[in-house]
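Numbering-wise (my numbering), the sequence shown opens with residue 2 and increments by one. Ideal Cβ positions, reconstructed from N, Cα and C, are used throughout, including at glycine.
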Amino acid sequence: MSSSGLDKRKLLLQEIVQTEADYVTDLHFIQLKYIKTLRRQKDVVSGEELFQLFGNLDLITSVNDSLYKKLKACLVAAGPDAHGNDIEGFGEVFTEMAKMMLCYHQYCNTHKEALELAARLETKNPAFKNFIDSHLDPETGCPIQLKNYLIKPVQRVCRYPMLLKELIKLTPAGHKDMESLQLALEKVEAVTQHINTTKANYDNRQKMMEVERRLSEVPGPRLSEDRNRIFYKEGPLEKINPKGKVQTRQFFLFSDVLLWGRVQRMKKNHFTFKKFLPLDSALVTDVPDDGKNMFRFDVVRMDTKKIYHLMAKSAAHKKEWMTSIESVIDGYVALRKQEDILRKESIRVEMKNEEENFAAASSSSTRVDAASSVDAFKEMNGKLELKVNELTAQLRDAKQLNADLMLRLDQLEARLRAVENK
């Protein structure tokens with residue numbers, strides 16, 4: 002690598018540290034000027050509103066404080082005159098801190114709601130509006146836009162993978178940091194992917210609950226109760242009923258079902274549920290324009306042979322809805338096939354395991370039975386030997402007793418003969 006490449010590496014490392022320092026300064030500014038001040042001025046916003054605005058920013062500040070100090074220490078350790086190739090430790094620092102960055106997912110999840118709340122408070126809460134306007138930008142003299150600060154954590158956590166990728170490009174293949182930098186990139190990308198996935202799941206759940214609030218009289222469990230259900234889109238379409246009457250309905254497309262509702266006249270953007278259409282047995286078919294019903298397409302429920310005639314407002318609108326529904330159906334069918342394959346494979350593996358366990362149990366049982374028989378035989382033989390020894394001892398005692406009795410009897414007989422001779 003050329004000396005200019007090494008200089009570029011050093012410049013990038015310095016940029017990482019400097020931008021981290023600037024970011025941490027901004028976090029401390031939010032803490033000091035907004036969070037701590039609003040905690041003291043309890044009449045401006047409630048504690049709940051304060052948390053909704055800033056979330057776990059205190060924790061994020063603590064994490065990035067630590068990250069900044071560790072990165073700066075790497076530069077200081079190398080010395081001010083070090084070449085870029087002599088600066089080490091950045092990979093280890095990011096690898097160590099990656100797990101701590103998971104705290105960002107909570108903040109990112111609620112960032113949109115925080116911005117919406119800030120906008121509402123500035124409009125409807127004069128005390129909050131005055132508080133915001135009292136913080137002036139030293140360069141322009143204009144009130145600081147709170148939203149510009151609230152976005153910074155989201156922007157920063159998404160920038161780490163890009164910085165690490167660029168640093169890897171500027172690091173020689175044999176550099177001491179190369180392996181740790183690659184591991185750091187892997188871990189940081191996993192963190193950002195987790196944040197993105199969590200954010201998508203959170204947004205989806207929020208959207209489902211919003212639909213629930215606007216759609217009344219939906220039978221069965223709540224839409225959001227199915228954690229695997231994904232919201233895709235909603236919008237108006239015209240539906241032709243069996244009598245040929247054209248009705249405007251609001252359609253909601255989810256990952257497993259298409260449903261629609263009737264517009265409520267008294268409540269804007271609210272609807273009354275009319276129909277569920279499961280997508281596991283559905284088919285979308287195009288209907289050529291006949292001059293009467295323009296931009297029409299049909300959704301067929303294959304299990305009941307029921308056909309639903311729908312009309313869009315334009316050719317593009319029709320294509321958009323047809324493509325969306327077909328895509329969801331294809332994805333749903335593919336998912337069910339994959340689940341079926343996994344289920345069958347799981348059953349096959351389970352049966353194989355049961356066969357192996359049975360064989361092992363049988364073999365083990367045979368060995369156990371044989372071992373048990375030997376042990377039982379040894380135990381019985383020991384008992385018999387003990388019994389024989391006891392009987393042998395008793396026999397000896399009996400023989401001795403008999404000998405004593407015979408001797409006693411001989412003595413008595415001798416005395417008796419002596420008495421008779423007298």
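Can you name the start and end residues of the alpha helix (DSSP H) that residue i belongs to?
i	result
residue 249	Looking at the DSSP string, residue 249 is not in any alpha helix (DSSP H); the run it does join, the beta strand (DSSP E), is 247-255.
residue 201	179-215
residue 147	147-151
residue 285	Per DSSP, residue 285 belongs to no alpha helix (DSSP H); it is in the beta strand (DSSP E), 283-287.
residue 94	91-99
residue 131	127-134
residue 106	105-110
Taking its Cβ as the centre, do 16 or more other Cβ atoms sit within 10 Å of residue i, making it buried, or is it exposed?
i	result
residue 324	exposed
residue 211	exposed
residue 33	exposed
residue 352	exposed
residue 380	exposed
residue 61	buried
residue 200	buried
residue 48	exposed
residue 4	At residue 4, the pLDDT of 48 sits below 50, so the modelled position is not reliable and the matter cannot be decided from this model.
residue 143	exposed
residue 292	exposed
residue 279	exposed
residue 98	buried
residue 344	exposed
residue 330	buried
residue 176	buried
residue 202	exposed
For residue i, which residues does DSSP report across the bridge?
i	result
residue 309	300
residue 241	247 and 310
residue 264	272
residue 73	Residue 73 is not bridged to any residue.
residue 277	260
residue 167	Paired residues: none, contrary to the question.
residue 137	144
Over the uninterrupted beta strand (DSSP E) stretch that includes residue i, give me the two end residues.
i	result
residue 35	Unbroken run through residue 35: none, as it is neither H nor E.
Mapping the DSSP letters down to three states, classify residue i as helix, strand or coil.
i	result
residue 17	helix
residue 48	helix
residue 218	coil
residue 319	helix
residue 236	strand
residue 231	coil
residue 162	helix
residue 85	helix
residue 23	helix
residue 1	Outside the shown range of the chain (2 to 423) lies residue 1, about which nothing can therefore be said.
residue 292	coil
residue 354	helix
residue 223	coil
residue 43	coil
residue 390	helix
residue 57	coil
Does the Cβ-Cβ distance between residue i and residue j come in under 8 Å?
i	j	result
residue 281	residue 233	no
residue 316	residue 322	no
residue 91	residue 23	no
residue 254	residue 276	no
residue 119	residue 148	yes
residue 165	residue 189	yes
residue 106	residue 11	no
residue 217	residue 273	yes
residue 184	residue 286	no
residue 1	residue 53	With the chain running from 2 to 423 in the structure shown, residue 1 is simply not present.
residue 270	residue 215	yes
Given the structure, does residue i come close to the ligand FAD, in the sense that its CB is under 7 Å from one of the ligand's heavy atoms?
i	result
residue 151	The model on display carries no ligand, and the ligand FAD is accordingly not part of it.
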